[in-house]
Amino acid sequence: MGRPAGPGRETAGAETRGESLMESIKWIGLFTLIGMLNCQNMAVAEELPREAVLPLALATKAASVAVEKCAKDGYKVTAAVVDKAGVLRAQLRGDGAGPHTIDSSRRKAYTAGSTGRATSELAELVVKAPHLHSLGKMNENILILGGGLPVQFGNEVVGGIGVGGAPGTQFDDACAQAGLDAIGAAQKAPGGK
3 MGRPAGPGRE TAGAETRGES LMESIKWIGL FTLIGMLNCQ NMAVAEELPR
53 EAVLPLALAT KAASVAVEKC AKDGYKVTAA VVDKAGVLRA QLRGDGAGPH
103 TIDSSRRKAY TAGSTGRATS ELAELVVKAP HLHSLGKMNE NILILGGGLP
153 VQFGNEVVGG IGVGGAPGTQ FDDACAQAGL DAIGAAQKAP GGK
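Just so you know, our numbering puts 122 at position 120 of the sequence shown, and the rest follows in order with no gaps.
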C-alpha cells in the first residue's frame, strides 16, 4: 500500500513542480534570447555589401582557352587569372613557355584586375604621360605591359587575366581576350570588337 499523504509530501511535490516550472521558464528565456540574437545577426548581414566572386571553374576555363589559343597561333605562353583581391585563382603554363612567363602573366592579371583597365592601355598612358611612370612601382605585383585584361561581368570587375610569352603584347592581348570570350566576360582588348 502507498503511504498516506501528509503535509511533508504535499510540500515536496509543490517544490518539485515549482522547480520544474522555473527550469522551463529559464529554457524559454534562453531560446527567446537566441532567437533575438539571430534576428540581429540577420539584420547586420543584410547590411553587408554583396560582391560577385570569380568561380574557380571560370578562372580555369579562361586560362586554358587563352593558352590553347596562343598554342594554336604558335606561341608558348602562360596564362594567369586572379580574383578581385588579386589572389591567383588559376595559372597554366603552356608547353615550352619560358619560366619568366609565370611571373609576368600573374602580374599582368593583377594589374588589370586591380586597376580595372587593360595593361596595354596603361602602358600607352605611361608613354604619353611620363610623370605616371611611377604607377608601375606602386608595388611588386604591378606590371605595366600589354597582355592583361580585367575580367568583367556587366559593370563589375571580378578579377584579371594575364598572358605572357607571345612575341608581342598584342598577341598576349588576343589570347587573353579569347579566354574572356570563352567565359562570357564583357571586357574587350584594345582594338577588339
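All C-beta atoms, glycine included, are put in the ideal place defined by N, C-alpha and C.
Note that the coordinates shown come from a computational prediction; the quantities given were computed from them, not determined experimentally.
- Beta-carbon proximity check, G149 vs T121, cutoff 8 Å: yes
- Query: Are the segment 21-40 and the segment 141-159 in contact at 8 Å, needing three or more beta carbon pairs?
  - Reply: no
- Query: Start and end of the alpha helix (DSSP H) containing I104?
  - Reply: Segment H102 to T117, the alpha helix (DSSP H) holding I104.
- Starting from the N-terminal side, write out each stretch of the beta strand (DSSP E) that is 3 residues or longer and does not extend beyond the segment 116-186. 150-155 and 158-166
- Task: Look up R95 in the DSSP assignment and give the residues it is bridged to.
- Result: For R95, which the question treats as bridged, DSSP gives the partners T80.
- Task: Mind reading off the beta-carbon distance from A184 to A64? Whole number of angstroms is fine, and I expect it under 8 Å.
- Result: 6 Å
- Query: Considering only the beta carbon of each residue, do A68 and A180 sit closer than 8 Å?
  - Reply: yes
- Taking 8 Å as the cut-off, decide whether the C-beta atoms of A187 and V153 are in contact. Contact: yes.
- Item | Cβ-based burial, D85 [other Cβ within 10 Å; buried from 16] | buried
- At least three beta-carbon pairs within less than 8 Å, the segment 127-134 to the segment 104-115: no
- Item | Whether T80 touches L94 by CB criterion (8 Å) | yes
- Query: Taking Cβ positions, are A1 and V83 nearer each other than 8 Å?
  - Reply: There is simply no residue 1 to check, as the chain begins at 3 and stops at 195 in what is shown.
- Tell me which same chain residues have a C-beta within less than 6 Å of the C-beta of A61, skipping the five on either side of it? V83, R91 and A92
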